[in-house]
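Here the structure is laid out as C-alpha cells; the discussion comes afterwards.
Protein chains in written order, with the working numbering: chain A, 50 to 727; chain B, 247 to 445.
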C-alpha cells in the first residue's frame with residue numbers, strides 16, 4: 050500500500066498537469082472532448098491523491114521508519130491516534146493533506162455544479178487543477194513525504210509533545226478545511242471573470258463554499274485558541290502570533306463577503322467589491338500558508354524553514370498578477386447601476402461593516418508584515434506584539450460590535466425616523482442599562498464597560514428580532530411561542546442563523562473584555578505551604594501545596610505539583626499541573642520538557658496554574674492566574690459554529706416543492722424572500 | 247509593448263519579491279517548531295547582559311511594577327512572549343531567567359522603568375520591546391491602519407453620496423435571476439410584507 054501511495058503521488062501530478070492543460074485548452078477553444086477529459090482528469094487526480102494519503106497513513110501507523118517523514122514525527126511508542134494525526138504535524142504531510150482536501154473539494158464542486166454552471170465549469174476545472182498541480186508539484190519536488198532515509202533508525206524522533214493533544218488533532222484539519230475551501234470560490238471568480246459572466250449566478254454558486262470556509266475557519270480558530278490555552282501554558286488563548294494572525298485574515302474577509310453579498314443580491318451593488326473579497330480570501334490563505342511555511346516571520350507555530358517558502362512566494366505572485374489582470378480588464382463588466390435611496394439604510398450600514406472588517410484585516414496584516422518592512426527599509430529588527438494589535442484593534446472591534454446591533458435594525462433602501470425610533474428604543478435601553486449597572490458596581494475598565502454595554506445593545510437587537518418574528522407567527526398561525534420560535538428559525542435559516550452567529554460574537558466579546566480583570570501571581574511553595582490571593586471578583590483564594598511527585602506513565606516521565614484550592618474558605622477542588630519529559634521506546638528523552646497546565650474551570654473564572662520549575666525535592670515554582678470568563682470563549686465559538694450550521698443547512702422542503710422554478714425578481718421581492726445574515 | 251498599468255503591476259511585484267528575498271536568506275539558520283524550539287536565528291537567540299552600576303538608592307519599584315515592566319520586554323529565546331510570561335511558563339528557557347535577573351538588579355540599583363527599558367534597547371536593539379517605539383519610521387507602523395481606515399471611510403462616504411445622487415433608473419431592472427423556493431401564495435404574502443415594510 051505504501052508503494053502504491055508513493056507512485057500515486059506521481060500519477061496525481063500527471064493527472065493535475067493534464068487537467069490544467071487540457072482544461073484551459075478546451076475552455077479556450079470550446080472543444081467539449083477536452084473539457085470532459087479535464088474533468089475526468091480532476092476526478093482521477095482526486096482518487097490518486099486519496100491513495101497517496103492512504104499510503105502515508107499506512108507508513109505512519111506501521112512505523113515504517115525508512116521514510117524520513119515517519120521517522121521525524123513519530124516513534125514506536127506513540128499512541129496510534131497521534132500516529133494518525135502526525136500526518137499533518139510536519140511540512141510534507143500537511144502539504145499532502147492540503148492537496149487531499151483540495152482535490153476532494155474540487156471533485157465535489159465540479160460534480161455538483163456540472164449541470165447548474167455549464168458556462169463557468171470549463172474554466173473552474175482547469176483553475177482548480179492548476180491550484181492542485183502547484184501543491185502536488187511542491188510535494189513531488191519540494192517536500193516529498195515519501196522521501197527515504199539512507200538508513201533505517203531503530204526508532205523515530207517522536208511527535209512534539211505540544212502536538213500530543215486532542216486540540217491539536219482537530220485544530221489543523223478544521224483550519225485547513227476552512228483555508229482550502231476558499232479555493233473553490235476563487236476558481237468560480239476566475240471563471241466568471243474570464244467568461245465575463247459576472248451576474249449573480251456565480252455568486253450563488255460560491256456563497257455556500259464561502260460559508261463552509263467561514264464555518265471551518267471559525268471552528269479551527271477556536272480549537273486553536275483552546276489548544277494554546279491548555280497546552281502552551283502562557284495563560285492566554287490569543288497572542289497575536291503571526292501564524293494566528295494569518296489564520297484570522299481569511300476569516301475576516303469571508304465575514305465581510307457574507308455581508309456584502311447580500312447587498313449585491315438585494316440591490317445589485319458592490320459587484321467589483323465582492324469579486325475582490327472572494328479573490329482576497331484565497332490569496333490571504335496562500336499568504337498565510339507562506340508565512341507558516343517559509344520561516345520569513347518568527348513564530349512558535351511555524352513549520353521548520355525550508356525552500357517551500359519560495360514556492361509559495363512564486364505562486365502568490367503569479368496568483369496576484371493573474372487576478373489583478375483579470376479584475377482590471379473586466380472593470381467595465383463589473384460596473385453596477387448603483388443607486389442609493391438613503392444614507393440611512395441597511396446597505397449603507399453593510400458598507401461600514403465591510404470597511405471595519407477589512408480595516409481590521411489590514412491592520413493585522415500590516416502589523417504582521419511590518420517587522421519585515423522595517424528590516425527591509427531600516428535594517429532594524431523590531432517586534433510587533435500584542436500591545437500594538439490590542440491598541441489598534443480594540444476600538445475597531447468595538448465599532449464592529451456596534452454595527453452588529455445597528456445593521457438588523459435599519460431597513461433596506463430607506464429607514465424612516467418613526468421606524469428608527471421604534472426599532473432602536475428597546476436595544477438602546479438594554480445597552481444603556483448594562484453600561485450604567487456596571488459603572489454603578491464600580492467597573493472602571495472603560496473598554497470593558499463599552500464592550501458589555503454594546504453587547505447588551507446587540508443582544509437587545511437580536512431578542513427584539515426573535516420576539517417580533519415569533520409573535521407574528523403566533524398571531525398568524527396560532528402556534529405556541531416555543532413552536533413559533535423553532536419554525537421561525539427553521540423557515541428563515543439565513544436570517545436567524547445569522548442572528549445566532551451574532552449571539553456567539555457577543556459572548557466572545559464579553560469573554561475578551563473579561564481579560565481586563567485577569568490577575569497573575571508568581572509563587573514558590575514548599576509542600577504544606579499556603580498562598581493566598583484575591584481574584585478579580587473580590588473572592589479570597591487559598592492554595593495549599595500537597596507537594597511535588599515524580600512518576601512514569603505511557604511514553605513520558607512526569608513531575609507534578611498538586612494544589613488544594615479554597616475559595617472564601619470553602620474547598621473547591623484540587624489542581625494538578627505537570628511538566629512532562631517525553632521518552633522514545635528506548636527510554637531516551639525526546640524534545641524539551643512540556644507543560645501540562647492545571648485548570649480549575651468555572652463559568653465565571655478559571656484558576657490556571659503552571660509548574661514553572663522545581664527547587665530541591667518538594668518546592669515548586671509556579672504561576673497562578675485568575676482568568677475571568679474564559680469558559681465563554683469556547684461556548685461563544687460553539688454558538689457561532691451552531692449559527693453557521695443553521696445558515697448552511699439546506700432548505701430541503703422548499704427545494705422539493707419548487708424544484709426548477711426560476712423567476713426574475715424585483716429587488717424588493719428578493720429582499721423579503723432571501724433575508725440573510727444581518 | 248506593455249501598457250503603463252501592466253508595467254506598474256510588474257514593477258510592484260518585482261519590488262515585493264526583492265524585499266522578501268532580502269529577508270528570506272536571513273532566516274536560513276532558523277530552527278523548526280518540531281524541535282520544540284521557536285524560529286529564531288541562532289545568533290539572536292541568546293542572552294546578553296544588561297548591567298549598570300547601582301545608584302545605591304534602593305529598589306525603584308515594587309514587585310508588581312517590576313512584573314508589569316517585564317511584560318514590556320520581549321524574551322529573546324524566540325518564543326514571542328514577554329520576559330515575565332516566558333520565565334513563569336517555560337522552565338527550559340535559558341534566556342528569560344537571566345533577563346529577569348538583569349531587570350531585578352537594575353530595579354535594586356534604583357533605575358526607573360524608562361531607564362531600564364532604555365538599557366535593554368541599548369544592548370539588544372529595538373526588537374527587545376514588545377511594541378515598536380512611537381517615533382521615526384515606526385510611526386508608519388502605528389498610524390497606517392488608522393490612515394487606511396480614514397481613507398476607507400472617506401471613500402465609502404464619497405461613494406454613498408455619489409450613489410445617493412445617481413439619477414433614478416428609467417425603468418425598473420431586475421437585478422438577478424434567482425431561484426425562488428416558494429409557492430405563489432408565499433410569494434404574494436412576501437410581496438405584501440415588503441410593501442408594508444417599505445411604507
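We put the beta carbon where it would ideally sit given N, CA and C, even for glycine.
Please read all numbers here as calculations on a predicted model, not as lab measurements.
Residue(s) in a DSSP beta bridge with residue i
i	result
residue 220/A	Paired residues: none, contrary to the question.
residue 607/A	600/A and 629/A
residue 616/A	590/A and 619/A
residue 657/A	648/A and 674/A
residue 571/A	672/A
residue 663/A	669/A
residue 579/A	593/A
residue 638/A	632/A
residue 471/B	The first residue shown for chain B is 247 and the last is 445, placing residue 471/B beyond what the model contains.
residue 197/A	116/A
residue 643/A	629/A
residue 624/A	612/A
CB of residue i within 7 Å of CB of residue j, strictly
i	j	result
residue 389/A	residue 410/B	yes
residue 457/A	residue 514/A	yes
residue 327/B	residue 283/A	yes
residue 369/B	residue 316/B	no
residue 397/A	residue 395/B	no
residue 540/A	residue 696/A	no
residue 614/A	residue 622/A	yes
residue 518/A	residue 487/A	no
residue 250/A	residue 194/A	no
residue 95/A	residue 152/A	yes
residue 269/A	residue 227/A	yes
residue 71/A	residue 52/A	no
residue 437/A	residue 377/B	yes
residue 363/B	residue 352/B	no
residue 657/A	residue 644/A	no
residue 303/A	residue 262/A	yes
Contact list for residue i against chain C, beta-carbon separation under 8 Å
i	result
residue 168/A	Here chain C cannot be found, since the structure's protein chains are A and B.
Using a Cβ-Cβ cut-off of less than 9 Å, list which residues of the stretch 382-396 of chain B approach chain A; keep chain order.
Within the stretch 382-396 of chain B, the residues whose Cβ lies closer than 9 Å to some Cβ of chain A are 382, 383, 384, 386, 387, 388, 390, 391, 392, 394 and 395, listed in chain order.
Output the residue ranges of the alpha helix (DSSP H) runs that lie fully inside the stretch 301-347 of chain B and measure 4 residues or longer, sorted by chain position.
The qualifying runs are 309-316 and 329-333.
Whether or not the stretch 263-280 of chain A and the stretch 219-232 of chain A are in contact is what I'm after, with contact meaning three or more pairs of Cβ atoms, one per stretch, closer than 8 Å; do they touch?
Contact between the stretch 219-232 of chain A and the stretch 263-280 of chain A is present, with at least three C-beta pairs closer than 8 Å.
Scan the stretch 356-372 of chain B for residues whose Cβ lies nearer than 7 Å to a Cβ of chain A and list them as they occur along the chain.
Residues of the stretch 356-372 of chain B with a C-beta atom less than 7 Å from some C-beta of chain A are 371 and 372, listed in chain order.
Under 8 Å: do the stretch 124-131 of chain A and the stretch 199-219 of chain A share three or more Cβ pairs, one atom per stretch?
Three or more Cβ pairs drawn from the stretch 124-131 of chain A and the stretch 199-219 of chain A lie within less than 8 Å of each other, which places the two stretches in contact.
Cβ-based contacts, 7 Å cut-off: residues of the stretch 493-521 of chain A near chain B
Of all residues in the stretch 493-521 of chain A, none is placed with a Cβ closer than 7 Å to any Cβ belonging to chain B.
Which parts of the stretch 67-129 of chain A are runs of the alpha helix (DSSP H), unbroken and 4 residues or longer, counting only runs that do not cross its ends?
With a minimum length of 4 residues, the continuous alpha helix (DSSP H) runs that stay inside the stretch 67-129 of chain A are 81-110 and 117-122.
Quick test of the definition: if touching needs 3 or more C-beta pairs under 8 Å, does the stretch 152-172 of chain A touch the stretch 231-242 of chain A?
Touching, per the Cβ criterion.
Uninterrupted alpha helix (DSSP H) stretches inside the stretch 220-290 of chain A (no shorter than 4 residues)
The alpha helix (DSSP H) runs of length 4 or more contained entirely in the stretch 220-290 of chain A are, from start to end of the chain, 232-244 and 249-276.
If the cut-off is 7 Å on Cβ atoms, which residues from the stretch 646-679 of chain A count as contacting chain B, listed in chain order?
Residues of the stretch 646-679 of chain A with a C-beta less than 7 Å from any C-beta of chain B: 659, 661, 662 and 672, listed in chain order.
Do three or more CB pairs link the stretch 587-603 of chain A to the stretch 515-533 of chain A at distances below 8 Å?
The stretch 587-603 of chain A, when compared against the stretch 515-533 of chain A, does not touch it at the 8 Å Cβ threshold.
How do the stretch 543-555 of chain A and the stretch 442-458 of chain A stand: do at least 3 beta-carbon pairs fall below 8 Å, yes or no?
Yes, since at least three Cβ pairs between the stretch 543-555 of chain A and the stretch 442-458 of chain A fall closer than 8 Å, the two stretches touch.
Select from the stretch 260-286 of chain A all residues with a C-beta closer than 8 Å to any C-beta belonging to chain B, and list them in chain order.
Legend: CB atoms of the stretch 260-286 of chain A lying less than 8 Å from CB atoms of chain B belong to residues 281, 282, 283 and 284.
What residue ranges within the stretch 300-381 of chain A form continuous alpha helix (DSSP H) runs of no fewer than 4 residues, ordered along the chain?
Inside the stretch 300-381 of chain A, DSSP marks whole alpha helix (DSSP H) runs of 4 or more residues at positions 320-343 and 357-378, from first to last along the chain.
Segment contact, 8 Å Cβ cut-off, at least three pairs: the stretch 561-579 of chain A with the stretch 629-639 of chain A:
The answer is no - the stretch 629-639 of chain A does not touch the stretch 561-579 of chain A, with fewer than three Cβ pairs under 8 Å.
Any contact of the stretch 286-304 of chain A with the stretch 403-415 of chain A, i.e. 3+ C-beta pairs under 8 Å?
Touching, yes, given that three or more Cβ pairs across the two stretches are closer than 8 Å.
Check whether the stretch 95-104 of chain A touches the stretch 52-70 of chain A, taking contact to mean three or more Cβ pairs, one atom from each stretch, closer than 8 Å.
Yes, since at least three Cβ pairs between the stretch 95-104 of chain A and the stretch 52-70 of chain A fall closer than 8 Å, the two stretches touch.
Decide yes or no for the touch test of the stretch 318-329 of chain A against the stretch 241-248 of chain A: beta carbon pairs closer than 8 Å, at least 3 of them.
Three or more beta-carbon pairs drawn from the stretch 318-329 of chain A and the stretch 241-248 of chain A are found closer than 8 Å, and the two stretches are therefore classed as touching.
Could you tell me whether the stretch 639-655 of chain A touches the stretch 668-687 of chain A, using the rule of 3 or more Cβ pairs below 8 Å?
Contact holds: three or more Cβ-Cβ distances are below 8 Å.
Check whether the stretch 114-123 of chain A touches the stretch 194-204 of chain A, counting contact only when three or more Cβ pairs, one atom from each stretch, lie closer than 8 Å.
Three or more pairs of CB atoms, one per stretch, sit closer than 8 Å, so the stretch 114-123 of chain A contacts the stretch 194-204 of chain A.
Residues of the stretch 398-413 of chain B in Cβ contact with chain A at a cutoff of 7 Å, in chain order, please.
Going along the stretch 398-413 of chain B in chain order, one finds 398, 399, 402, 406, 409, 410 and 412 with a Cβ nearer than 7 Å to chain A.
Relative to chain B, which residues along the stretch 136-159 of chain A have a C-beta separation below 9 Å, given in chain order?
When CB distances to chain B are screened at a threshold of 9 Å, the residues of the stretch 136-159 of chain A falling below it are 138, 139 and 140, in chain order.
The stretch 361-379 of chain A in contact with the stretch 387-394 of chain B per 3-pair CB rule at 8 Å:
Cβ pair count under 8 Å is below three, so no.
Quick one: which unbroken alpha helix (DSSP H) runs of 4-plus residues sit fully inside the stretch 429-509 of chain A? Chain order, please.
Contiguous alpha helix (DSSP H) elements confined to the stretch 429-509 of chain A occur at 435-455 and 466-489, taking only those with 4 or more residues.
Closer than 8 Å is the cut-off here; do at least three beta carbon pairs connect the stretch 339-359 of chain B with the stretch 377-386 of chain A?
With contact defined as three or more Cβ pairs closer than 8 Å, the stretch 339-359 of chain B and the stretch 377-386 of chain A are not in contact.
Positions along the stretch 404-431 of chain A whose CB lies within less than 9 Å of some CB in chain B
Within the stretch 404-431 of chain A, the residues whose Cβ lies closer than 9 Å to any Cβ of chain B are, in chain order, 404, 405, 407, 408, 409, 411, 412, 413, 415, 416, 419, 420, 421, 422, 423, 424, 425, 426, 427, 429, 430 and 431.
Check each residue of the stretch 628-645 of chain A: if its Cβ is closer than 7 Å to any Cβ of chain B, include it; give the result in chain order.
Per Cβ criterion, the list reads 628, 640, 641, 642 and 644.
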